[in-house]
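Numbering of the sequence shown is given in our numbering, commencing with residue 863 and proceeding in unit increments. Glycine included, each C-beta is placed from N, C-alpha and C at the ideal position.
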Amino acid sequence: MKLNIPKPTTRTDWSPIARAVLMPAAAMLGLALVFLLIAASVRSSPSSALERRGSERVLYVGDSLSVGTFGELLSNYFVRNYSRVNVAFYASCGSSPENWLIGEPVFETKCGYRELVPSKPLVFGDPMHHRTPKIETLLREHKPTIVFVQQGTNWMDRSLSDEKIGAILDRFFWAIHNNAKCRIVWIAPPDSSRFRKVQGRIYTLIQQRHRRGDIVIDSRRLTRSYVVGKTGGDGIHYRSEAAAQWANRIIGIFDEILPKPGRKVANIDRIMDAFDGQSDLNPD
């Protein structure tokens, strides 16, 4: 009599199916992990912070004080923080705000010029002959989100009335706000031993005419005690060392007042107060 012993059944090998399902899933998971690691490294890198700030487009117009070391350091700062393609920097020796306005005669500097714009080589000469561009044209061309102005120095040796300067300032502020609708940061003239009796008047006129949301930096509070032979040679212009110190203090203020992700703009008066008592730029 034969025993009815069931034959052992063949076990199903599920490994090919498991591999077919799990391998693509593992690949997708690994790819997602790689993307997460890359994103985390980008967020934590210094360059990504600059890219986030790179959404700003900068236009800068200055006079002779921005042609030399001061302007060089500020333009480098803007390029470093907003990238070369977002910076348009102009400085024309001897210029005043009216020289930049359409409707006024073309002003050709004979004593120096600096121009740094996207996709073009630096134009620089000290001295140099060059036509001063018009602010309305620059606004249309560069479409800035913030405009920096370093002007007013060349008003201090001219017999213009407060009403005349005020009217020019009104036109200048209006031209920028009407064409670009952006904030203005005005770097008022630094201390000048030659024009110390009138420099406060120029600052006050600029301060009185700026619009809400604009910022006026009183450079006198950063550069007190101009001494001819130390700070500079003519009572107005700054030698490289003093100009660099002034520029670094302005940059320190920029770091506090300019927009950064997740941070409110600091109060300019409180920042300026921190510089009082430490503004002597005279090298030993």
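Length of the line joining the Cα atoms of residue i and residue j
i       : j       : result
Arg919  : Glu1003 : 11 Å
Asp1135 : Val979  : 34 Å
Ser1087 : Gly930  : 20 Å
Met990  : Ser957  : 13 Å
Thr994  : Gln1070 : 26 Å
Ala950  : Leu921  : 5 Å
Asn961  : Gly987  : 19 Å
Gly1075 : Ile1030 : 20 Å
His992  : Arg976  : 9 Å
Gly965  : Val1060 : 28 Å
Leu1120 : Ile1079 : 13 Å
Ser1062 : Leu1084 : Looking at the sequence provided, one finds Gly at residue 1062 rather than Ser. Whole-angstrom Cα-Cα distance: 14 Å.
Pro983  : Ile1098 : 29 Å
Gly924  : Ser1102 : 17 Å
Gly1091 : Asn1040 : 43 Å
Phe969  : Glu998  : 15 Å
Asp1019 : Lys1026 : 14 Å
Thr1007 : Ser1021 : 34 Å
Ser917  : Leu935  : 21 Å
Within 8 Å, strictly: CB atoms of residue i and residue j
i       : j       : result
Gly974  : Ser926  : yes
Ile1130 : Ile1064 : no
Gly1028 : Leu1067 : yes
Leu963  : Phe1057 : no
Ile1112 : Ile1133 : no
His1072 : Trp1036 : no
Residues of its chain near residue i, where Cβ-Cβ distance is below 7 Å and the 5 sequence neighbours each way are ignored
i       : result
Phe932  : Tyr1100, Ala1105, Trp1108 and Ala1109
Val1009 : Leu921, Ile1038, Ala1042, Cys1044 and Ile1046
Lys996  : Trp962, Leu963 and Ile964
Pro967  : none
Cys955  : Asp925, Ser926, Val929, Thr971, Cys973, Gly974 and Tyr975
Asp1024 : Leu1067
Ala902  : For Ala902, the predicted model reports a pLDDT of 49, less than 50, meaning its position is unreliable; a value from the coordinates is still stated below. Answer for Ala902: no residue qualifies.
Residues near residue i in its chain [Cβ-Cβ closer than 8 Å; skip 5 each side]
i       : result
Leu912  : Confidence is the limiting factor: at Leu912 the pLDDT is only 42, short of 50, which leaves the residue's position unreliable, though a coordinate-based value still follows. Taken in chain order, the residues that qualify are Arg942, Asn943, Tyr944 and Ser945.
Lys1005 : Arg919 and Ala1042
Ser1081 : Ile1049, Ala1050, Pro1051, Pro1052, Asp1053, Trp1108 and Ile1112
Asp1032 : Arg1071
Asp1096 : Arg1056 and Val1090
Ser909  : Any answer about Ser909 is weak, because its pLDDT of 41 lies below 50 and its placement is not dependable; what the coordinates show is given next. For Ser909, where only same-chain residues beyond five positions count, there are no Cβ hits under 8 Å.
Contact set for residue i: own chain, Cβ-Cβ below 6 Å, skip 5 residues either direction
i       : result
Ser928  : Ala953 and Gln1012
Val947  : Pro980
Pro959  : Gln1013, Ile1030 and Phe1034
Phe940  : Val920 and Val949
Gly1150 : For the chain, the structure presents residues 863 to 1146; residue 1150 sits outside this window and is missing.
Ile900  : Legend: pLDDT at Ile900 = 47, less than 50; position of this residue unreliable, no value from coordinates given.
Leu985  : Per the sequence shown, the amino acid found at residue 985 is Val instead of Leu. Counting only Cβ-Cβ distances below 6 Å, and skipping sequence neighbours, we find Glu977.
Proximity test, residue i beta-carbon vs the ligand COA heavy atom, cut-off 7 Å
i       : result
Gly1028 : As far as ligands go, the structure on display features none, and thus does not contain the ligand COA.
_Contact the stretch 1045-1052 vs the stretch 1005-1025: 3+ CB pairs below 8 Å_ = yes
*Could you name each continuous beta strand (DSSP E) segment of 3 residues or more that falls completely within the stretch 971-1059, going from the start of the chain to the end?*
Given a length threshold of 3 residues, each whole run of the beta strand (DSSP E) inside the stretch 971-1059 is given here in chain order: 975-978, 985-987, 1008-1012 and 1045-1049.
_Going residue by residue through the stretch 922-964, where are the continuous alpha helix (DSSP H) segments of at least 4 residues, counting only ones entirely within it?_
Runs found: 931-944.
*Could I get the ranges of all uninterrupted beta strand (DSSP E) runs contained in the stretch 1053-1102, with 3 residues as the minimum, in chain order?*
1077-1079
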